[in-house]
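Chemist: From first to last, the protein sequence lines stand for chains A and B. Residue 0 is where the first sequence starts when you use numbering that gives the first Met the number 0, and the numbers rise one by one after that. Residue 0 is where the second sequence starts when you use numbering that gives the first Met the number 0, and the numbers rise one by one after that.
Number of protein chains: 2
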Amino acid sequence: MLSNEKRIILLLTIWLNAMSNKELDLSSKEKILNAARRAFIRNGSSGARMQEIADEAGINKALLHYYFKNKEGLFELVFNDAFSEFIPKIHSIFSGDGSVMEKIERYVETHLELLIRKPDLPLFILNEMQREPERFFSGILNKMPGAPPFESFLKQIEEEMKDGKIRNMNPRDLWMNVMSMTVFPFIGEPMLKKFLVVNTEEYHSLLTKRKDSILTFIQQALLLPKTNNP
Amino acid sequence: MLSNEKRIILLLTIWLNAMSNKELDLSSKEKILNAARRAFIRNGSSGARMQEIADEAGINKALLHYYFKNKEGLFELVFNDAFSEFIPKIHSIFSGDGSVMEKIERYVETHLELLIRKPDLPLFILNEMQREPERFFSGILNKMPGAPPFESFLKQIEEEMKDGKIRNMNPRDLWMNVMSMTVFPFIGEPMLKKFLVVNTEEYHSLLTKRKDSILTFIQQALLLPKTNNP
DNA sequence: GAAAATATTAACCAACTGGTTAAATTTTAG
DNA sequence: CTAAAATTTAACCAGTTGGTTAATATTTTC
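1) What first and last residue would you give for the alpha helix (DSSP H) that runs through D54(A)?
2) What runs of the beta strand (DSSP E), each 3 residues or longer, lie entirely inside the stretch 32–115 of chain B?
3) Touching or not, the stretch 89–98 of chain A and the stretch 146–160 of chain B, by the rule of three or more beta carbon pairs under 8 Å?
4) Can you list, in chain order, the residues of its chain with a C-beta nearer than 7 Å to that of I40(A)? Leave out the 5 residues immediately preceding and following it.
5) Using a Cβ-Cβ cut-off of 9 Å, state whether D54(A) counts as contacting chain B.
6) Here's a check: name, in chain order, each residue in its chain whose Cβ is nearer than 7 Å to the Cβ of Y106(B), leaving out the five neighbours to either side.
7) Of all the alpha helix (DSSP H) runs that stay within the bounds of the stretch 144–209 of chain A, which reach a length of 4 or more residues?
8) Name the one or two DSSP bridge partners that L214(B) has.
9) Just the C-alpha distance for L114(A) and L206(A), rounded to the nearest angstrom, thanks.
10) Tell me which residues of the stretch 180–196 of chain A have at least one Cβ-Cβ distance to chain B shorter than 7 Å, keeping chain order.
11) Using the Cβ count rule (16 or more neighbours within 10 Å means buried), how would you classify G43(B)?
12) Using a C-beta to C-beta distance shorter than 8 Å, which residues of chain B count as neighbours of L205(A)?
13) Out of curiosity, what's the CA-to-CA distance linking L222(A) and K28(B)?
14) Please identify, using Cβ separations under 7 Å, the residues of the stretch 92–115 of chain B that lie next to chain A, in order along the chain.
15) Pull the bridge partners of L222(B) from the DSSP assignment, please.
16) Taking 8 Å as the cut-off, does the stretch 186–198 of chain A touch the stretch 126–135 of chain B (at least 3 CB pairs, one atom from each stretch)?
17) Could you tell me if N198(B) is buried or exposed, where buried requires 16 or more neighbouring beta carbons within 10 angstroms of its beta carbon?
18) By the three-class DSSP mapping on this structure, what secondary structure does E22(A) have?
What follows is the structure in structure tokens.
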């Protein structure tokens with residue numbers, strides 16, 4: 000299926016990766032995990048090839064099975080690592096101290112920082128979740144304590160709305176908006192670059208400034224105009 | 000790799016699909032396209048199997064090659080259909096009449112309507128775009144006349160900001176926010192349902208109300224408080 | 001320094017894969 | 001009603017795939 004040009008590029012990539020892996024002096028296991036991440040992110044769990052992973056790691060294919068029982072085991076490990084990195088601090092943010100706006104700021108800051116470093120995470124996670132939803136609803140997501148923290152955050156939002164601190168709207172819509180504006184620009188980069196008529200550098204510059212932009216936007220949408228100027 | 004339970008479910012699905020296809024009296028070609036969409040959406044172009052597509056379509060595998068030269072040809076067709084359905088009217092919205100808010104309203108309305116009917120579209124398109132970006136930057140995206148319409152819309156946004164009609168912010172951030180809030184809730188459904196503590200019906204009910212919610216949020220973020228009450 | 005443990009590899013396997021082909025069947029056209 | 005065209009299928013193919021194994025090499029331990 001691969002053209003000759005693509006094959007050359009692939010081989011060059013494999014060689015460069017092998018050289019860079021050698022230079023970094025990683026163990027074989029670490030090289031495998033790095034290569035597996037790239038392969039699973041790019042092609043999904045069913046499209047990724049064990050030989051492809053071995054080639055990118057610069058090792059013999061049998062070593063994959065020596066360290067990780069099988070392809071599914073390797074995938075589980077890679078996915079669980081990604082998932083627990085992506086999900087993580089939301090719960091402590093929800094149940095910690097601070098106003099609604101402060102919590103939103105903390106979430107946006109934390110997540111933008113993570114996604115700038117690992118822009119492939121959300122698409123990878125969400126794509127595998129749609130591919131095999133039952134894997135998550137019977138496993139890793141059930142281990143995720145979603146209900147309590149968000150429900151208390153929900154209450155807090157409702158109270159601040161009732162107190163007139165922030166504008167009245169469906170709290171679930173609010174959170175949906177916050178997550179959308181934080182995460183989607185990383186998922187939608189190829190399309191957004193085209194729409195916004197920017198190149199990759201310009202786009203990434205936009206992303207590094209997103210924190211202030213998102214927070215200002217949310218504040219302007221939520222905060223009521225003050226009747227008493229300080 | 001499939002467990003027996005999954006195999007039974009798959010076979011039942013194939014049978015039900017075959018029965019429903021028969022009931023709908025579609026041509027073989029249409030059955031193939033429907034099955035191919037489902038397979039490519041779920042597993043990606045490299046993970047989807049020709050035999051899987053044939054099984055779901057209820058036809059012999061050789062027929063795939065009779066109608067569509069090969070797997071890549073079938074995928075191209077499916078992807079291009081999806082892409083031209085997802086991208087489409089943005090350009091006429093950008094270059095048409097109306098204020099910035101009116102254009103935003105038109106975009107949100109049009110796209111929500113499309114995505115409620117076809118919620119798998121954005122994840123599929125963006126996933127394939129990240130998997131093989133060169134396919135798009137040398138092909139279909141170059142055919143997409145992105146530059147002129149958005150640049151004129153950019154100018155319009157800037158003018159309305161300068162005129163004090165809407166609040167000052169980076170127009171690219173504005174559009175990024177609009178697209179994010181419209182598209183991400185469809186991509187992020189499995190995760191958002193968990194965070195928001197809603198079931199599928201409740202989540203879809205949220206989605207059907209998103210138009211007003213998004214537009215109100217944007218208006219509150221953008222529109223300046225009036226100094227003269229009518 | 002030798003034994004034990006760990007790592008690594010080439011070669012191999014059965015099953016799966018995308019694609020092909022000739023024959024049979026069905027549909028269409030005249 | 002028959003020939004032509006279109007559709008459909010079973011059987012097949014070479015290459016790819018995930019996984020295994022025995023042998024070899026390297027590292028670690030005592």
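C-beta atoms are modelled at their ideal positions from N, C-alpha and C, and glycine is treated no differently. Computed from a predicted model, the values in this text were never measured in an experiment.
Modeler: Quick look at the numbers:
1) 49–56
2) none
3) no
4) D119, F123
5) no
6) I89, I92, V177
7) The alpha helix (DSSP H) runs of length 4 or more contained entirely in the stretch 144–209 of chain A are, from start to end of the chain, 146–161, 170–186, 188–195, 199–207.
8) Bridge partners of L214(B): none, in fact.
9) The alpha-carbon of L114(A) is positioned some 10 Å away from that of L206(A).
10) Those would be M180, V182, F183, P184, I186, G187, P189, M190, L191, K193, F194, L195, V196, in chain order.
11) buried
12) N169, R171, D172, M175
13) Between L222(A) and K28(B), the C-alpha separation is close to 55 Å.
14) For the stretch 92–115 of chain B, which is checked against every Cβ of chain A, not one residue is closer than 7 Å.
15) By DSSP's assignment, L222(B) forms a beta bridge with I165(B).
16) yes
17) exposed
18) Only weak support is given to the placement of E22(A): the predicted model assigns it a pLDDT of 41, under 50, and the value that follows is read from those uncertain coordinates. Three-state result, E22(A): helix.
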